[in-house]
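Asks:
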Amino acid sequence: MLNPAPVKRPIVQNRISRAGYWFVPASESQVNRQERLLKAVNSVASCLFSREIVDFNRTVEDSLCILGRSVNAEHVVIWKNYMADDCLRVSRLAGWNSPDLAEKLSKMMNQQVSWDFPIEEILPNWEKMLEEQKPEYFICKNLHEPFRSIALNKGIHSILLIPIFSQGNYWGFISFFNYSEQRLYTGAEKELLRSGGILIASAIENNKNVMELQQDKNKSPLWQGKTILAVDDNKINREIVSVLLEKTGVAIETAVNGAEAVTMFKENPGKYNLILMDIEMPEMDGLDAAREIRKLEAELNSEKKNTTALIQKVFEYTGSDALNNIKKIPGLMDFFKIKENGDSNANEIPIIAMTTNIFTSDIQNCLKAGMNAHVAKPIYAEKLFKTMQGFLN
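The letter at position 27 of the sequence shown is residue 155 when you use my numbering, and the numbering goes up by one with no holes.
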């Protein structure tokens with residue numbers, strides 16, 4: 129089972145019971161089914177990355193319930209892979225089933241059915257599946273033995289297995305079982321369900337990182353006193369970043385697009401220690417925003433250098449005591465640092481790009497625009513922390 133992080137959580141049971149879009153009429157059009165599933169995936173994101181989670185295990189089960197009911201699946205399980213004795217194995221982390229299946233699955237549990245096994249026992253062609261990163265759909269009566277008998281004996285008619293990849297590496301998969309009838313899935317539905325699976329996997333890993341931070345009670349917050357500007361046009365993404373970073377002690381401000389970020393930086397350029405910048409945004413994208421911020425910094429640095437030169441002239445006529453007194457004036461030490469370090473980029477604020485585009489050319493475009501680093505979406509706490517540490521510690 130998952131280890132819940134002791135953070136608050138909203139009571140979502142009433143909301144779940146009222147969510148009519150989970151139950152999909154058989155006659156519903158394909159477009160409407162996709163719209164309902166998209167709403168379900170957004171609901172999963174809201175649940176998993178809420179600031180008010182009380183029971184993380186229950187939140188994951190609720191999220192599996194949302195996805196399962198949105199496509200009329202009767203049993204949903206999320207699996208995590210691991211290596212043991214040079215063998216790739218998968219283990220059940222969490223699951224949800226419809227109330228009608230409760231008795232049947234309870235009997236399976238009492239019979240000590242294994243939820244941890246080598247992946248090749250259920251996917252003989254697993255290497256090809258992972259290489260292609262494609263979902264696998266099985267109509268159980270068409271399976272080869274012994275898989276056909278195993279599935280039919282358990283009353284399973286169809287199974288959809290969707291592999292989940294994190295940062296390009298195989299993480300595990302999410303499975304959708306149907307017992308009462310076969311369930312066919314469109315390509316769009318499979319991709320949306322994959323997105324839901326990635327969200328759940330991301331939340332599980334982030335929860336693990338949060339718990340590791342909380343285990344050392346004597347450890348001070350990583351970045352107490354630092355302020356970060358998070359820029360993203362998607363409200364859920366802004367909320368995810370805020371939740372991931374709230375245990376680090378950092379203060380977080382947000383902007384909804386590049387133009388707003390530039391304005392906030394221009395009004396108070398010394399306030400922020402780091403900027404997390406989405407790339408694709410309306411009004412002004414992240415690349416243009418980074419360029420504008422670098423232009424503003426160049427202008428500020430030029431002004432500071434001129435001021436430093438002026439103060440240096442004062443020093444030549446008044447001596448070291450006067451200079452030491454001048455250096456005590458708030459803010460003026462920054463001017464001296466520029467001259468003393470001889471670094472034209474001494475006052476550059478670190479800008480980290482956040483984007484789903486992970487091709488080398490996309491990363492190079494971010495660097496050319498003046499950004500310092502890149503993290504891929506979906507954002508994982510461990511990767512984000514490592515990238516930020518290089519600039520904030």
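We treat Cβ as the ideally placed atom computed from N, Cα and C, and that holds for glycine. Quick caveat, the model's predicted, so the values are computed rather than measured.
Determine the burial state of K136: buried for a count of at least 16 other Cβ atoms within 10 Å of its Cβ, exposed for fewer.
Replies: The residue you call residue 136 lines up with position 8 of the sequence shown. With a pLDDT of 39 at K136, under the threshold of 50, the predicted position of this residue should be treated as unreliable, though the coordinate-derived value follows. So K136 ends up on the exposed side.
Asks: What are the complete alpha helix (DSSP H) segments, minimum 4 residues, inside the stretch 328-403?
Replies: The stretch 328-403 contains these whole alpha helix (DSSP H) runs: 363-373 and 386-395.
Asks: Using only the alpha-carbon positions, how far apart do I356 and I403 sit?
Replies: Here residue 356 corresponds to residue number 228 of the sequence shown, with the count starting at 1. Here residue 403 corresponds to residue number 275 of the sequence shown, with the count starting at 1. Spanning the two alpha carbons is a distance of roughly 6 Å.
Asks: Identify, in the order they occur along the chain, each residue of the same chain with its Cβ nearer than 6 Å to the Cβ of A331, setting aside the five sequence neighbours on each side.
Replies: Sequence index remark: in the sequence shown, residue 331 carries index 203 (1-based). L176, listed in sequence order.
Asks: Given a threshold of 16 other Cβ atoms within 10 Å of its Cβ, counted over all protein chains shown, does D406 qualify as buried or as exposed?
Replies: Here the question's residue 406 lines up with position 278 in the sequence shown. Counting Cβ neighbours within 10 Å, D406 comes out buried, since at least 16 surround it.
Asks: So for A501, helix, strand or coil by DSSP?
Replies: Residue numbering aside, residue 501 sits at position 373 when the sequence shown is read from its first letter. If DSSP states are grouped into helix, strand and coil, A501 belongs with the strands.
Asks: When we look at the beta-carbon of F266 and count the other beta-carbons within 10 Å, is it buried (16 or more) or exposed?
Replies: Here residue 266 refers to the residue found at position 138 when the sequence shown is read from its first residue. When all chains shown are included, F266 counts as buried.
Asks: Quick one: residues in its chain with C-beta nearer than 6 Å to the C-beta of F304, no 5 flanking neighbours on either side, listed in chain order?
Replies: Working through the sequence shown from its first residue, we reach residue 304 at position 176. For F304, where only same-chain residues beyond five positions count, the Cβ hits under 6 Å are A201, V204 and L288.
Asks: For P291 and K423, what's the separation of their Cα atoms in angstroms?
Replies: Position 163 of the sequence shown, counting from 1, holds the residue named residue 291. Position 295 of the sequence shown, counting from 1, holds the residue named residue 423. Going from the Cα of P291 to the Cα of K423 covers about 44 Å.
Asks: Please report the straight-line C-alpha distance between Q261 and R419, rounded to a whole angstrom.
Replies: Counting from one through the sequence shown, the residue named residue 261 turns up at place 133. Counting from one through the sequence shown, the residue named residue 419 turns up at place 291. When rounded, the distance between both Cα atoms is 36 Å.
Asks: Among T488, A497 and K505, whose alpha-carbon lies nearest the alpha-carbon of P478?
Replies: Within the sequence shown, residue 478 is the residue found at index 350, counting from 1. Of the candidates T488, A497 and K505, the one whose C-alpha sits nearest the C-alpha of P478 is A497.
Asks: What residue from E273, N493, R311 and E249 has the CA that sits closest to L415's CA?
Replies: Stepping through the sequence shown from its first residue, residue 415 is reached at position 287. If we check each option's Cα against that of L415, N493 comes out closest.
Asks: Look at the alpha carbon of I368 and the alpha carbon of S178, and state the distance between them as a whole number of angstroms.
Replies: Walking along the sequence shown from the start, residue 368 turns up at place 240. Walking along the sequence shown from the start, residue 178 turns up at place 50. Between I368 and S178, the C-alpha separation is close to 8 Å.
Asks: With the cut-off set at 9 Å, would you say L116 and I206 are in Cβ contact?
Replies: For residue 116 there is no data in the structure shown, the boundaries of the chain being 129 and 521.
Asks: Beta-carbon within less than 7 Å of K399's beta-carbon, same chain only, minus the 5 sequence neighbours each way: which residues are those?
Replies: On the sequence shown, position 271 is the one that residue 399 refers to. T355.
Asks: Taking the beta strand (DSSP E) that W299 falls in, what are its first and last residues?
Replies: If you number the sequence shown from 1, residue 299 lands on position 171. Run containing W299: N297 to N306, per the beta strand (DSSP E) assignment.
Asks: How many Å lie between H502 and P246 at the Cα?
Replies: Within the sequence shown, numbered from 1, the residue matching residue 502 stands at position 374. Within the sequence shown, numbered from 1, the residue matching residue 246 stands at position 118. Approximately 35 Å between the Cα atoms of the pair.
Asks: Apart from the five residues just before and just after F151, which ones in its own chain have a Cβ nearer than 8 Å to its Cβ?
Replies: Position 23 of the sequence shown, counted from the start, is the residue given in the question as residue 151. Model confidence at F151 stands at a pLDDT of 45, short of 50, so the residue's coordinates are unreliable; what they give is reported in the following sentence. Contacts found: R197 and N200.
Asks: Within a Cβ cutoff of 7 Å, which residues of the same chain sit near K514, ignoring the five residues on either side of it in sequence?
Replies: Here residue 514 refers to the residue found at position 386 when the sequence shown is read from its first residue. Same-chain partners within the cutoff: there are none.
Asks: From the DSSP secondary-structure annotation, give me the bridge partner or partners of K208.
Replies: Translated into the one-based positions of the sequence shown, residue 208 becomes position 80. Answer is S219 and G300.
Asks: Near D490, which residues of its chain fall below 7 Å by C-beta distance, leaving aside the five closest residues on each side in sequence?
Replies: Translated into positions along the sequence shown, residue 490 becomes position 362. Once the five neighbours on either side are set aside, the close Cβ partners of D490 are T483.
Asks: Just curious, the alpha helix (DSSP H) that F513 is in, first and last residue?
Replies: Along the sequence shown, one-based indexing puts residue 513 at 385. Unbroken alpha helix (DSSP H) run through F513: A509 to L520.
Asks: Do L229 and Y307 have their beta-carbon atoms positioned less than 9 Å apart in this structure?
Replies: Taking the sequence shown and counting its residues from 1, one reaches residue 307 at position 179. Taking the sequence shown and counting its residues from 1, one reaches residue 229 at position 101. Cβ atoms of Y307 and L229: closer than 9 Å.
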